[in-house]
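*Asks:*
Chains as they are written, first to last, in the working numbering: chain E, 355 to 606; chain B, 31 to 117.
This is how it looks when you write it as structure tokens:
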């Protein structure tokens, strides 16, 4: 057996925080330099482990936001959960120069790379945008012209993660269309959708089923289940719909 | 607090035990006999550990916990586990 083709058991590695960026009031991007990083694919995630002075450990999964092309730097975008054990430390306490322990990359299921083709439909709810952003950044980094649509649901304009970068990508790329919906509050003059994602919205935004798009949905569990069921209702093949449920884990 | 996620979220701990890409492992449920990718199963994670359940019949396929440097792995809900040695 060709041992080197195997990913091998995952072990913990330490990275140094080299940059941080506040994306929204609750979401922060953390860029790590990882000397022993083996490379990743867009859509994969890592487990982060914090160890308290008394030895107590807590682990959480976070999606990678950066494309493979930026390795050995890896950027995670973390949403602060007020009652979380791990995210408030990452968003509020962690500083440039600090070390962070993680293992990864994890996941070969919810991944997209340009050679898989398209057309591509990405559906994001809240911080579910993070692994899909890695796909869009990868697509841009390799100059792919695969027709791509992103449908992104946020609560308000201020909650849109990567808002300026998405606007820029949308304007610069004829083959990419970014469609936003704001479910709670809309700014004056908002021309996007202003409701939760539903079958009618997906009928308007998703590719016709006879174009056999590749579909990736990431968000909270009810969001993902609603979007996936709607796409199946619209005649899309379940096997081409990949989902990742996103949400708080562990003891609150 | 317990939250329903999917098998992707459980893959990190499983991949610390098995040297394979675990989200693409095919798992046949001992309860209903259906076969699913581990990444497409349901995972419930809480402080005691993680339970991976069949997305069709909810049978507990895999229960895994790490306690004091030891993994506890209960796989009685798995009929067959198919692992690609190449991916």
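The C-beta atom is built at its ideal place from N, Cα and C for all residues, glycine as well.
1) Buried or exposed for residue 436 of chain E, going by 16 or more other Cβ atoms inside 10 Å?
2) Look up residue 540 of chain E in the DSSP assignment and say whether it is helix, strand or coil.
3) Is any beta-carbon of chain B found at less than 8 Å from that of residue 518 of chain E?
4) Within 10 angstroms of the Cβ of residue 554 of chain E, are there 16 or more other Cβ atoms? Answer buried if so, exposed if not.
5) Can you tell me the Cα-Cα spacing of residue 547 of chain E and residue 512 of chain E, whole angstroms?
6) Relative to the C-alpha of residue 577 of chain E, which candidate in E:400, E:438, E:507 has its C-alpha closest?
7) How would you list, in chain order, the residues of chain E whose beta-carbon sits under 9 Å from the beta-carbon of residue 70 of chain B?
8) Starting from the Cα of residue 568 of chain E, find the closest Cα among E:528, E:539, E:476, E:545 and give me that residue.
9) Tell me, please, which residues DSSP counts as bridged to residue 569 of chain E.
10) If you reduce the DSSP assignment to three classes, tell me which class residue 83 of chain B lands in.
11) Does the region 431 to 446 of chain E come close enough to the region 523 to 537 of chain E to have 3 or more Cβ pairs within less than 8 Å?
12) Rounded to the nearest angstrom, what separates residue 544 of chain E and residue 398 of chain E at their Cα positions?
13) Check whether the Cβ atoms of residue 109 of chain B and residue 71 of chain B sit closer than 8 Å, and answer yes or no.
14) Closer than 8 Å, CB to CB, is residue 85 of chain B near chain E or not?
15) Show which residues of chain B have a CB atom less than 7 Å away from the CB atom of residue 364 of chain E.
16) From residue 441 of chain E to residue 91 of chain B, what distance separates their C-alpha atoms?
17) Where residue 40 of chain B and residue 79 of chain B are concerned, what is the direct C-alpha to C-alpha distance, given to the nearest angstrom?
18) Here's a check: name, in chain order, each residue in its chain whose Cβ is nearer than 6 Å to the Cβ of residue 498 of chain E, leaving out the five neighbours to either side.
19) Relative to the alpha-carbon of residue 400 of chain E, which residue among E:412, E:417, E:551 has its alpha-carbon at the smallest distance?
20) Helix, strand or coil: how does DSSP classify residue 102 of chain B here?
21) Could you check the C-alpha separation between residue 412 of chain E and residue 520 of chain E for me, to the nearest Å?
22) Hey, which unbroken runs of the beta strand (DSSP E) at 3 residues or more fall wholly within the region 360 to 395 of chain E?
23) Which same chain residues end up closer than 6 Å to residue 485 of chain E when comparing Cβ atoms and leaving out the 5 residues on each side of it in sequence?
24) Could you check how far apart the C-beta atoms of residue 384 of chain E and residue 429 of chain E are, in whole angstroms? I think they sit under 8 Å.
25) According to the Cβ coordinates, are residue 60 of chain B and residue 93 of chain B closer than 8 Å?
26) Write down the C-beta distance between residue 456 of chain E and residue 402 of chain E rounded to the nearest angstrom, noting that I regard them as a contact closer than 8 Å.
27) Tell whether a beta-carbon distance below 8 Å holds between residue 423 of chain E and residue 373 of chain E.
28) Can you check which of these residues, E:409, E:459, E:386, is closest to residue 42 of chain B by C-alpha distance?
29) Can you look up residue 355 of chain E in the DSSP assignment and give me helix, strand or coil?
*Replies:* In short, the structure shows the following:
1) For the purposes of this step, residue 436 of chain E is taken as the residue at position 82 of the first chain. Answer is exposed; the Cβ neighbour count stays below 16.
2) As a first step, residue 540 of chain E must be located in the first chain, where it is residue number 186. If DSSP states are grouped into helix, strand and coil, residue 540 of chain E belongs with coil.
3) Mapped onto the first chain, residue 518 of chain E falls at position 164. Judged by the 8 Å Cβ criterion, residue 518 of chain E is not in contact with chain B.
4) Position 200 of the first chain, counted from the start, is the residue given in the question as residue 554 of chain E. The residue in question, residue 554 of chain E, is exposed, as its Cβ has fewer than 16 Cβ neighbours within 10 Å.
5) Here residue 547 of chain E corresponds to residue number 193 of the first chain, with the count starting at 1. Here residue 512 of chain E corresponds to residue number 158 of the first chain, with the count starting at 1. Going by the C-alpha atoms only, they are around 15 Å apart.
6) Taking the first residue of the first chain as position 1, residue 577 of chain E is located at position 223. If we check each option's Cα against that of residue 577 of chain E, E:507 comes out closest.
7) The residue given as residue 70 of chain B occupies position 40 in the second chain. Residues of chain E passing the Cβ test: 463, 596, 597.
8) What you label residue 568 of chain E is simply residue 214 of the first chain in a count that begins at 1. The residue with the shortest Cα to Cα distance from residue 568 of chain E is E:476.
9) What you label residue 569 of chain E is simply residue 215 of the first chain in a count that begins at 1. Per DSSP, E:475, E:595.
10) In the second chain, residue 83 of chain B corresponds to position 53, counting from 1. Strand, per DSSP.
11) no
12) Indexing the first chain from 1 puts residue 544 of chain E at position 190. Indexing the first chain from 1 puts residue 398 of chain E at position 44. If I take the Cα positions, the gap works out to 33 Å.
13) Locating residue 109 of chain B in the second chain gives position 79, where the first residue counts as 1. Locating residue 71 of chain B in the second chain gives position 41, where the first residue counts as 1. No; because the gap between Cβ atoms is not below 8 Å, this pair is not in contact.
14) In the second chain, the residue the question calls residue 85 of chain B occupies position 55. Chain E, which has no Cβ nearer than 8 Å to the Cβ of residue 85 of chain B, makes this no.
15) The count along the first chain starts at 1 and reaches residue 364 of chain E at position 10. Within 7 Å Cβ-Cβ: 42, 45, 46.
16) By 1-based counting over the first chain, the position of residue 441 of chain E is 87. By 1-based counting over the second chain, the position of residue 91 of chain B is 61. Answer to the nearest angstrom: the Cα atoms are 29 Å apart.
17) Translated into the one-based positions of the second chain, residue 40 of chain B becomes position 10. Translated into the one-based positions of the second chain, residue 79 of chain B becomes position 49. Each residue's alpha carbon lies about 10 Å from the other.
18) Counting from one through the first chain, the residue named residue 498 of chain E turns up at place 144. Cβ within range, chain order: 468.
19) In the first chain, the residue the question calls residue 400 of chain E occupies position 46. Ranking E:412, E:417, E:551 by Cα distance to residue 400 of chain E puts E:417 first.
20) Your numbering for residue 102 of chain B matches position 72 in the second chain. Here residue 102 of chain B sits in strand by DSSP.
21) Taking the first residue of the first chain as 1, we reach residue 412 of chain E at position 58. Taking the first residue of the first chain as 1, we reach residue 520 of chain E at position 166. Looking at the two C-alpha atoms, the distance is approximately 33 Å.
22) 367 to 376, 381 to 387
23) Along the first chain, one-based indexing puts residue 485 of chain E at 131. 397, 417, 572.
24) Position 30 of the first chain holds residue 384 of chain E. Position 75 of the first chain holds residue 429 of chain E. With a Cβ gap of about 7 Å, residue 384 of chain E and residue 429 of chain E count as contacting.
25) Start at 1 with the first residue of the second chain, and residue 60 of chain B comes out as number 30. Start at 1 with the first residue of the second chain, and residue 93 of chain B comes out as number 63. Going by C-beta atoms, residue 60 of chain B is not nearer than 8 Å to residue 93 of chain B.
26) Taking the first residue of the first chain as 1, we reach residue 456 of chain E at position 102. Taking the first residue of the first chain as 1, we reach residue 402 of chain E at position 48. Correct: roughly 5 Å between the Cβ atoms.
27) Within the first chain, the letter at position 69 stands for residue 423 of chain E. Within the first chain, the letter at position 19 stands for residue 373 of chain E. For residue 423 of chain E and residue 373 of chain E, no; Cβs fall outside 8 Å.
28) By 1-based counting over the second chain, the position of residue 42 of chain B is 12. The residue with the shortest Cα to Cα distance from residue 42 of chain B is E:459.
29) Translated into the one-based positions of the first chain, residue 355 of chain E becomes position 1. In this predicted model, residue 355 of chain E has a pLDDT of only 43, less than 50, meaning its place in the structure is not dependable enough to derive any value.
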